[in-house]
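For reference, the structure discussed in these notes is given below.
Numbering (the working numbering), first residue to last: 2 to 458.
Below, the structure written as structure tokens:
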């Protein structure tokens, strides 16, 4: 039997089989190219682009601040307009878009950002910066209250028109006789009644020279009518004699200054020093002719009235005082205190006797005033104030030429008033101020009603 043998592979086939079964050999990568050297032109270009980027960022920040300021101004103006529609929302400034990630890279997940809160209603701050600014800025109603207490310094010129009416009614029982057996009056009984109506217009000018100094000028024009009534006319107890006199003209002009001593901070209130000088530009009450209406049989004057009414005090006066205001939202606390000094004046006639002329000197008593109150800011435009004020006046003294000083009995006074005031913003430049004063003592007017409109120029 013939044996079979497999054919022997050739050397070429063995080599191919060896190469196919061997593990693959990685292709050798070429080395990376060396970085190009940095030239001075590249450095200059980098600096230029960096500076341009910084300038754009600064301009963007300024635009954002300006938009926020305009947004708050629009909200404040819309709050003052009656019957306004819904507030227009100022769009927030667009944020710069982030650069897109390369396509070959997987974007890295960013941390979740809290959702922006919805825009608050009109009149409220939308950001922390707006809230801080709103706390620092005074509302219009608070500004009006501070302007009335002379504690506002805004470096503006304000022209003020004011009209005030005073009603004064005083009755006095005059007994001319004596009591018999401590029960029976023998003599004459006369009832005297004096009714006075005064209407005064005041033109005031306020000039804010600096954040700590304001100058004021007040020029009044006064019209006054006084009715005199006297019982027992002609010796008859039931008969009443009546006469009136009037007068009008320029009053005493006052120039004053307000100096801020301390700003409101913490518990400390706004503190202002007030100084002023009043010139005797009005008609003085001395030397006015009198008309005799009734005399007794012994030629004693029973009833006489002046021919005209005075419009001023007739002497120079200086005043100094302090005012303090503390805001505690929604209340505004205020107080003041001071004194008025009257200089001695000389006149050709200081005697009220219609038939005699006696020149001499007059020294009005110094007066001291104080008051305190609280105001409530109802909203941006309206505030209500309640206050109590009092003025204490010392006795006046007179001296005939060559004679001694004598006190005028009954010339001292205690005039206390209870005051209610309202301020209402008519426009961004004008405010209506109303004041009602009620007399609490016999020396005070029965009531005082006043209106004034400060207008910012």
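C-beta atoms are modelled at their ideal positions from N, C-alpha and C, and glycine is treated no differently.
Three-state secondary structure (DSSP) of residue i
| i | result |
| --- | --- |
| residue 455 | strand |
| residue 320 | strand |
| residue 392 | strand |
| residue 198 | strand |
| residue 428 | coil |
| residue 356 | coil |
| residue 247 | strand |
| residue 41 | helix |
| residue 305 | strand |
| residue 67 | helix |
| residue 216 | strand |
| residue 442 | coil |
| residue 447 | coil |
| residue 145 | helix |
| residue 51 | helix |
| residue 310 | coil |
| residue 413 | coil |
| residue 61 | helix |
| residue 262 | strand |
| residue 170 | strand |
| residue 325 | strand |
| residue 56 | helix |
| residue 153 | coil |
| residue 164 | strand |
| residue 271 | strand |
| residue 46 | helix |
| residue 78 | helix |
| residue 72 | helix |
| residue 282 | coil |
| residue 351 | coil |
| residue 369 | strand |
| residue 406 | coil |
| residue 287 | coil |
| residue 331 | coil |
| residue 380 | coil |
Contact check, residue i vs residue j, beta carbons under 7 angstroms
| i | j | result |
| --- | --- | --- |
| residue 309 | residue 140 | no |
| residue 362 | residue 396 | no |
| residue 438 | residue 420 | yes |
| residue 287 | residue 348 | yes |
| residue 418 | residue 390 | yes |
| residue 470 | residue 408 | Residue 470 lies beyond the range of the chain shown here (2 to 458); nothing can be said about it. |
| residue 295 | residue 284 | no |
| residue 321 | residue 276 | yes |
| residue 160 | residue 212 | no |
Assumed close pair residue i, residue j - CB separation to whole angstroms, cut-off 8 angstroms
| i | j | result |
| --- | --- | --- |
| residue 201 | residue 252 | 7 angstroms |
| residue 280 | residue 292 | In fact, because the Cβ distance is near 30 angstroms, the residues do not count as touching under 8 angstroms. |
| residue 272 | residue 451 | Residue 272 to residue 451, Cβ: 26 angstroms. No contact. |
| residue 367 | residue 341 | 6 angstroms |
| residue 168 | residue 446 | 6 angstroms |
| residue 333 | residue 376 | 4 angstroms |
| residue 358 | residue 270 | Not confirmed; about 53 angstroms, so no contact. |
| residue 208 | residue 158 | 5 angstroms |
| residue 230 | residue 193 | 7 angstroms |
| residue 386 | residue 146 | 7 angstroms |
| residue 324 | residue 314 | Contact flag wrong, Cβ pair sits at about 23 angstroms. |
| residue 422 | residue 435 | 7 angstroms |
Chain-order list of residues whose beta-carbon lies under 6 angstroms from that of residue i (same chain, five-residue window excluded)
| i | result |
| --- | --- |
| residue 26 | Model confidence at residue 26 stands at a pLDDT of 44, short of 50, so the residue's coordinates are unreliable; what they give is reported in the following sentence. Around residue 26: no qualifying Cβ. |
| residue 343 | 316, 318 and 365 |
| residue 278 | 256 and 319 |
| residue 290 | 308 |
| residue 171 | 195 |
| residue 282 | 251, 253 and 254 |
| residue 220 | 204 and 254 |
| residue 223 | 201, 252 and 312 |
| residue 197 | 169 and 227 |
| residue 150 | 324, 326 and 335 |
| residue 218 | 206 and 256 |
| residue 449 | 167 and 438 |
| residue 352 | 359 |
| residue 199 | 167 and 225 |
Beta-carbon proximity list for residue i, same chain, < 8 angstroms, skipping 5 on both sides
| i | result |
| --- | --- |
| residue 142 | 378, 379, 380, 381, 382, 383, 384, 424 and 426 |
| residue 330 | 378 |
| residue 247 | 224, 225, 226, 227, 309 and 310 |
| residue 410 | 396 |
| residue 265 | 271, 326, 327 and 328 |
Same chain, Cβ closer than 7 angstroms to residue i, neighbours up to 5 away in sequence not counted
| i | result |
| --- | --- |
| residue 210 | 216 |
| residue 162 | 204, 453 and 454 |
| residue 262 | 272, 273 and 274 |
| residue 430 | 456 and 457 |
is_contact[residue i, chain C] using C-beta, thresh 7 angstroms
| i | result |
| --- | --- |
| residue 206 | Although the question refers to chain C, the structure presented lacks it and comprises just one protein chain. |
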